[in-house]
Every structure is written in C-alpha cells, then in structure tokens.
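Q: In terms of numbering that gives the first Met the number 0, the sequence shown opens at residue 0 and continues consecutively.
This is the structure I want to talk about, given as structure tokens.
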Amino acid sequence: MRLFLALTFVLCACAPEVPQTCVPPSGDVVDPCGPAPDGGVAVKPGTPDAGVVPSGTVGLDGGTVDRLWFATTGDTRPHNCDDTANYPKAAIAQIAAAMKALRVQFTVDLGDHMYVCNGDDAEATTQMGYYMTGIASGPSTWWMTMGNHECGNNKAPYACFTSGAHDANFAAYMTALKRPLPYYFTDVQTGSGLARFVLIADDSWDATQSDWLSSTLAYADAHAKYTVVARHHPVQGTRTGAAEILNILEAHKASLILTAHNHDYEHDTSTWSGRSTVVGLGGAGYTWGFATVLQNTDDTLTFVQRDANGNPIGAPWSVSPQ
Numbered sequence: 000m001r002l003f004l005a006l007t008f009v010l011c012a013c014a015p016e017v018p019q020t021c022v023p024p025s026g027d028v029v030d031p032c033g034p035a036p037d038g039g040v041a042v043k044p045g046t047p048d049a050g051v052v053p054s055g056t057v058g059l060d061g062g063t064v065d066r067l068w069f070a071t072t073g074d075t076r077p078h079n080c081d082d083t084a085n086y087p088k089a090a091i092a093q094i095a096a097a098m099k100a101l102r103v104q105f106t107v108d109l110g111d112h113m114y115v116c117n118g119d120d121a122e123a124t125t126q127m128g129y130y131m132t133g134i135a136s137g138p139s140t141w142w143m144t145m146g147n148h149e150c151g152n153n154k155a156p157y158a159c160f161t162s163g164a165h166d167a168n169f170a171a172y173m174t175a176l177k178r179p180l181p182y183y184f185t186d187v188q189t190g191s192g193l194a195r196f197v198l199i200a201d202d203s204w205d206a207t208q209s210d211w212l213s214s215t216l217a218y219a220d221a222h223a224k225y226t227v228v229a230r231h232h233p234v235q236g237t238r239t240g241a242a243e244i245l246n247i248l249e250a251h252k253a254s255l256i257l258t259a260h261n262h263d264y265e266h267d268t269s270t271w272s273g274r275s276t277v278v279g280l281g282g283a284g285y286t287w288g289f290a291t292v293l294q295n296t297d298d299t300l301t302f303v304q305r306d307a308n309g310n311p312i313g314a315p316w317s318v319s320p321q
C-alpha cells in the first residue's frame, strides 16, 4: 500500500481539508490556524505519515537513496516591500521544522527569499540571513531556486547575472547559494534509477543558460528515470516568464515541474500531463505550508500538500516516472 493511502488525520486547530481559512492580521505566524499570530500550536503529524521512511543520504551535490522522499515550498518572504522588521522568521522556521519532523531527505525551494526594493546591501543581506536561519530548523540539505525578488533590478530585462552589474538582492542570494551560477542540476541515484533535479534561474535567463538547460534535459531524457524541474515562475497562466524556457521544457521529458510565484497551491491537471504544480505556500501571501513528494515502490511519485505543521491537506495525487 502506498505511504499516503494510510494517512491518519489528527485533530488540529484548522481542519486539514479546509486550507487557507485562517488569515493573520499582520506580522509573524507559526500556525496560521492559531487564535493569533504565533499563538497556535496545532499537532504535528507522525514521522512521517504511516509507512516506512525511505533510506538514503542526499547532500548539496546529490546522493543515493532507495526511494525519493523530499519536501518543497516557495515564496518565503515578507508580504510587503522593504518590511524587514516583519520578516516571517518564525513561520519559515516552523515550516522547516515540520519538514524535518517528516524525516524528508532534502528540500527543493522554489524562490523568493526576500523582498527588498531599495537596493540596500545591508537590508538584502539581513533578509537573506533571516531565511537561512529559519531553514536551519529543517532538513540539512536545502536546494534553492532563484526567484524574481532575488534580483532587485528595476530596468529591462529585469534580470541579474554573475558577470553583470552589482545588485544587492542577487549578491545576497548568491552568497547564500554557495554555487558559481544561479542555475544548476543535482543527481540522486535511486534504487530504480537516476533522478535528475534541474533548477532553473528564470530571472538570469540568457543564451548560456538556454544552451545549458537544453543539454541538461537531453541527458536526462536519455539516462534518467525521473526528471524534476524547479523554477520560480509557473508554466501556465499569465505569469510564466520567458517563453523560450517553456519551449525547451516542452521539447523534453519531465516527471514533475515544481513552481511558485503565485502565492497559493495549484495543480493543473489539464496541461503538462498533470505534472506541473504551484507551491507558493511560504507565506508571502499569508498562505503557509509546503508539500512532499514520495517515490513509491511501484516507481510512481505521490504529491501531498501540507499545512505549516505538516498535516496533509486534501487528496494526494500521483504521476508515473516520465
């Protein structure tokens, strides 16, 4: 039986089948369904839900597991521009702690860790630092994706590059990322084959990244059991970013396409073969939570939306490897 078909629901402050019912008036929130900001405790789920925890180790540059078991969320930033005083530190730490309680192997973050519009290096560094402190409560491996607010450039093409002019937001992000480029891939060897995770930097898009993405996905087409694409902008709707990225993705295989930018949860079942989802639940729009992905024993991937404490919300859904 799949792991998530044996869920045991627990009584908590907010019914898990009714997401987004508790909107905080302002400020920091740990449990959005508590009586006041930071006032709710709810109940953590088991570690993890009923079933065997997949084994394996995943680090900064990948790893080896028997089956994939990871978490994802995005848009973990203040709701208002330059509002560093109200950075949602406790909420991000709570989400990270709930991921760790589920004993996931790693987290795929989907971008937007700050909201700094004044170009101030100190403020960008402070907000990025709050984020890094918050996620320290979570899994030890945390792969970050560049969001649009990781570039404060207010001039066309509204993009930032490692060889370009200094940008406070981009500099703070790249320091935290600890990689030479804002886009990269990581490989995880599972018991059923290779899983390639491709993390695109939508707002650092140029010909070099275009060539890199095409070749990275072409390799995955030929050699990977799973290809998981992470980018900040959705692949459907009116906020998709560069059209060329979508064209490249359409030309290759994908097991899942994980995105954010919209401050909600969306699962589009009509396009992209039902494999794309928006997980903008990090709190930018006062919507708190995350999701988990499990590789089942039959090699399908099961996706579960969760609240800020890790309790499952709604019905899980599954996809085949490719």
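Think of the CB as a built atom: it goes at the ideal place given N, C-alpha and C, for glycine as much as any other residue.
#1: When you compare each of 215, 307, 293 to residue 64 by their alpha carbons, which one comes out closest?
#2: In the DSSP assignment, the alpha helix (DSSP H) including residue 194 goes from what residue to what residue?
#3: Ends of the alpha helix (DSSP H) at residue 120?
#4: Closer than 8 Å by C-beta to residue 298: which residues in its own chain qualify, once you throw out the five before and the five after it? Chain order, please.
#5: Decide yes or no for the touch test of the region 296 to 312 against the region 234 to 253: beta carbon pairs closer than 8 Å, at least 3 of them.
#6: Identify whether residue 271 lies in helix, strand or coil by the three-state DSSP scheme.
#7: For the alpha helix (DSSP H) that residue 220 lies in, which residues bound it at each end?
#8: Alpha carbon to alpha carbon, what distance is there between residue 118 and residue 249?
#9: Give me the residue from 79, 120, 277, 284 with the minimum Cα distance to residue 71.
#10: Taking only three categories from DSSP, how would you classify residue 251?
#11: Which value, in whole angstroms, describes the spacing of the CA atoms of residue 273 and residue 256?
#12: Can you tell me where the beta strand (DSSP E) holding residue 160 begins and where it ends?
#13: According to DSSP, residue 324 sits in a beta bridge with which residue or residues?
#14: By a C-beta neighbour count over all protein chains shown, 10 Å radius and 16 as the cutoff for buried, is residue 314 buried or exposed?
#15: Can you look up residue 78 in the DSSP assignment and give me helix, strand or coil?
#16: Specify, as a first and last residue, the run of the beta strand (DSSP E) that residue 188 falls within.
#17: When the Cβ atoms of the region 52 to 64 are set against those of the region 108 to 127, are three or more pairs found closer than 8 Å?
#18: Does the distance from the C-beta atom of residue 158 to that of residue 203 stay below 8 Å?
#19: In the DSSP assignment, the beta strand (DSSP E) including residue 229 goes from what residue to what residue?
A: The structure says:
#1: 293
#2: No alpha helix (DSSP H) contains residue 194, which is instead part of the beta strand (DSSP E) from 192 to 198.
#3: 120 to 134
#4: 191, 224, 319, 320
#5: no
#6: helix
#7: 206 to 222
#8: 36 Å
#9: 277
#10: coil
#11: 9 Å
#12: Where residue 160 is concerned, there is no enclosing beta strand (DSSP E), given that its DSSP letter is neither H nor E.
#13: The shown model of the chain, from 0 to 321, leaves out residue 324, and the question about it has no answer.
#14: exposed
#15: coil
#16: 183 to 189
#17: no
#18: yes
#19: 225 to 229
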